[in-house]
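Here you go:
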């Protein structure tokens with residue numbers, strides 16, 4: 001049990017699940033934590049973090065936490081070499097904040113805009129993993145095998161398309177910026193990862 005709770009990935013998941021469940025039962029709590037530009041404009045900057053710990057529904061929560069569990073555990077040890085053993089938490093929270101900045105700037109004066117979910121942080125962790133192991137097999141819908149690098153290209157392409165189309169409640173912009181943050185943070189912490197990525201890319205292994 002202690003070894004399980006020593007995992008920062010697991011602790012983030014537990015906290016996120018608890019906060020999301022509580023927020024579903026308490027509309028006032030949800031309103032206080034969700035990302036809402038007019039409230040941020042009044043100084044409630046904490047929403048850049050708290051929106052990542054609430055989710056729209058069980059499917060939204062399950063998908064994000066399922067993804068975080070598998071890929072977070074794969075890269076956590078790498079990140080925790082840095083920042084006093086809290087590199088993983090720092091990158092995850094940093095991604096949640098940075099991923100929301102473009103959406104905030106775009107909707108700064110829009111009282112109808114709201115956003116929630118950990119997708120920015122989860123995307124950062126996923127793309128960091130892809131940078132380290134581009135030819136690893138991911139399983140789409142837990143069934144269809146697809147090389148990580150192919151998934152990344154398709155994911156970015158679809159997110160750009162969906163964001164430009166603009167008829168979805170999903171914050172695709174946060175997915176893109178979260179993924180970008182994960183790649184940049186990984187390279188800044190360990191520049192040799194970039195050389196490893198290109199070497200692995202040129203020598204596929206399945």
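Residue numbers (UniProt numbering): 1 to 206. The beta carbon of each residue, even a glycine, is placed where N, CA and C say it ideally should be.
By DSSP, does residue i sit in helix, in strand, or in coil?
i: residue 134; result: coil
i: residue 46; result: coil
i: residue 151; result: helix
i: residue 203; result: coil
i: residue 40; result: helix
i: residue 58; result: helix
i: residue 102; result: helix
i: residue 107; result: coil
i: residue 123; result: helix
i: residue 159; result: helix
i: residue 1; result: Legend: pLDDT at residue 1 = 47, less than 50; position of this residue unreliable, no value from coordinates given.
i: residue 233; result: A query on residue 233 cannot be resolved here, the shown segment of the chain reaching from 1 to 206 and no further.
Just how far apart, CA to CA, sit residue i and residue j?
i: residue 94; j: residue 52; result: 11 Å
i: residue 45; j: residue 182; result: 22 Å
i: residue 196; j: residue 109; result: 43 Å
i: residue 201; j: residue 134; result: 6 Å
i: residue 123; j: residue 175; result: 6 Å
i: residue 146; j: residue 139; result: 6 Å
i: residue 77; j: residue 65; result: 18 Å
i: residue 31; j: residue 151; result: 34 Å
i: residue 194; j: residue 25; result: 45 Å
So residue i is in the beta strand (DSSP E); what residue range does that whole segment cover?
i: residue 144; result: 144 to 147
Which residue or residues does DSSP assign as beta-bridge partners of residue i?
i: residue 115; result: 35
i: residue 139; result: 145
If contacts are defined as beta-carbon pairs under 8 Å, then residue i and residue j qualify, I think. What distance do you get, rounded to the angstrom?
i: residue 178; j: residue 119; result: 6 Å
i: residue 103; j: residue 186; result: Going by Cβ atoms, the distance from residue 103 to residue 186 rounds to 23 Å, so no, they are not a contact pair.
For the alpha helix (DSSP H) that residue i lies in, which residues bound it at each end?
i: residue 81; result: Per DSSP, residue 81 belongs to no alpha helix (DSSP H) and is neither H nor E.
i: residue 85; result: Run containing residue 85: none; DSSP gives neither H nor E here.
i: residue 53; result: Premise fails: residue 53 is in no alpha helix (DSSP H) and is neither H nor E.
i: residue 20; result: 8 to 25
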